[in-house]
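In our numbering, the protein residues as written are 491 to 972.
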């Protein structure tokens, strides 16, 4: 029967409970053996371990053991590093935990262990897991011998491609004290002050077989492998035009969330959208890498009305179930009040008079009656004769301008750029007086992106910072760096 132990922890408002089962086996003969899979079912879901291959070798002879103990130099069998992978077969993107333990003879003492060179895992994404910076050695048995052991390093590795991969050896430098073997009790006691010898040791490489993910992944799958949950919320459901709405999407669970890109969402055309603010927090305390990734999308409505926000979808691959799981969160409708932004821009333009041609005079004015000169000698008479022609030219020019704006939207947007930007900046100035920093910077960003978008005739929505840089470079705008 296995031994059983449990542990409970409280982190970030969540209660985590772990149960550990331990089996002890004693080999009866040398050769290759294998410990089969362990299976367990929790909350209706099945979990299983991978089989563990074991090679059983003959025990060292007593003469070799005695010879190493008589020597003052550390023996290879008395000081070594073991690389202990949690599994040797994973899916692409699935976590394998590597634990590196230093084993040494119970009579030895080690100190100042440190990395010797770099440790590489080509083809893997690596995340360090926490270990005790001042580990306490514990007694353990390995291949029939008693050792002290400490954990040097733990890391979560996630393969980025399928195939047969290998994690490079871990190399360390350490100082080892081997006590002198003496029958004199005082010599053995005072050998604590003996000299330490510096040793460099390395673990064996770790081969890992990586299986490809199943085909036919949904369009909402972006590489996440593990077990996750998702939440989505909207900070405001009723706003004015130009007032930002913040949509927060949070993904958390066990797996590698660091490379997960922002979840694509098809927002309504009535909203200006920007690159989401992304934050990642990882928990490295357990054997499994836990994490939380938050996406904050800022939407700025340009039109009044009630708009239905689309559902947010996130798909991940569950290696325990060997299938894709899709999470979907519905978002509430957003009601927008106020004047459309396009109307604000139109009101900022200079309007022509309501009547292009002034009405005819039915009676002479007092100034004309008071004039003693004949009409043909008055220069104002000739100017008045030219007014109808000027008015006609003005009407023709106005009609031509309107036709050009209607037939050339790019030209119309360029003409709207300056008055619309001024209107946005006026709004931003009012927000400064109200000490509303969040809305101030949102209005400032809308003014800048709106001006550039109209001047360069770029799409109104989905203009990211990278696309903005590319368009400005194509337009010959120099790049300024602080």
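The C-beta atom is built at its ideal place from N, Cα and C for all residues, glycine as well.
Remember, it's a predicted structure, so these values are computed and weren't measured experimentally.
Quick check on DSSP: helix, strand or coil for residue 762? The three-state reading of DSSP puts residue 762 in strand, counting E and B together.
My guess is that residue 749 and residue 713 are in contact by the Cβ rule of under 8 angstroms, so how many angstroms apart are they, rounded? That belief holds up - the Cβ atoms of residue 749 and residue 713 are roughly 7 angstroms apart, short of 8 angstroms.
Beta bridge counterpart(s) of residue 717 as assigned by DSSP: 744
Does the distance from the CB of residue 753 to the CB of residue 718 come in under 9 angstroms? no
Short of 7 angstroms in beta carbon distance, which residues of its chain neighbour residue 517, apart from the five on each side in sequence? Order them along the chain. 523 and 546
Can you confirm whether the segment 781-797 touches the segment 725-738 when touching is taken to mean that 3 or more C-beta pairs between the two stretches lie within less than 8 angstroms? Flag = yes, the segment 725-738 and the segment 781-797 touch.
Count the other C-beta atoms from every protein chain shown that fall within 10 angstroms of the C-beta of residue 709, then say buried if there are 16 or more, exposed otherwise. exposed
Residue 527 (DSSP reduced to helix, strand or coil): coil
Name, in chain order, the residues that DSSP records as bridge partners for residue 886. Its beta-bridge partners do not exist; DSSP assigns none.
Looking only at its own chain, which residues have a Cβ that is under 8 angstroms from the Cβ of residue 593, when we skip the five neighbours before and after it? 569, 570, 571, 572, 630, 632, 637, 638 and 639
Does the beta-carbon of residue 585 have 16 or more other beta-carbons within 10 angstroms, so that it is buried, or is it exposed? buried
Compare the C-beta of residue 726 with all C-beta atoms of chain C and state if any pair is closer than 9 angstroms. Looking for chain C here will not work: only one protein chain is present.
By alpha-carbon positions, which one of 923, 755, 575 and 707 ends up nearest to residue 659? 575
For residue 696 and residue 621, what's the separation of their Cα atoms in angstroms? Between residue 696 and residue 621, the C-alpha separation is close to 20 angstroms.
Count the other CB atoms, across all protein chains shown, that sit within 10 Å of the CB of residue 544; report buried if there are 16 or more and exposed otherwise. exposed
Could you pull out every residue in the same chain whose Cβ sits closer than 7 angstroms to the Cβ of residue 520, ignoring the five residues on either side in sequence? Cβ within range, chain order: 546, 547 and 548.
Could you name the residues that DSSP lists as bridge partners for residue 637? 630
Below 8 angstroms on the Cβ atoms is my contact criterion, and I expect residue 701 with residue 578 to pass it. Report the Cβ-Cβ distance as a whole number of Å. Actually they are not in contact, since the Cβ atoms of residue 701 and residue 578 sit about 12 angstroms apart, beyond 8 angstroms.
For residue 814 versus residue 711, is the C-beta spacing smaller than 9 angstroms? yes
Look up residue 912 in the DSSP assignment and say whether it is helix, strand or coil. helix
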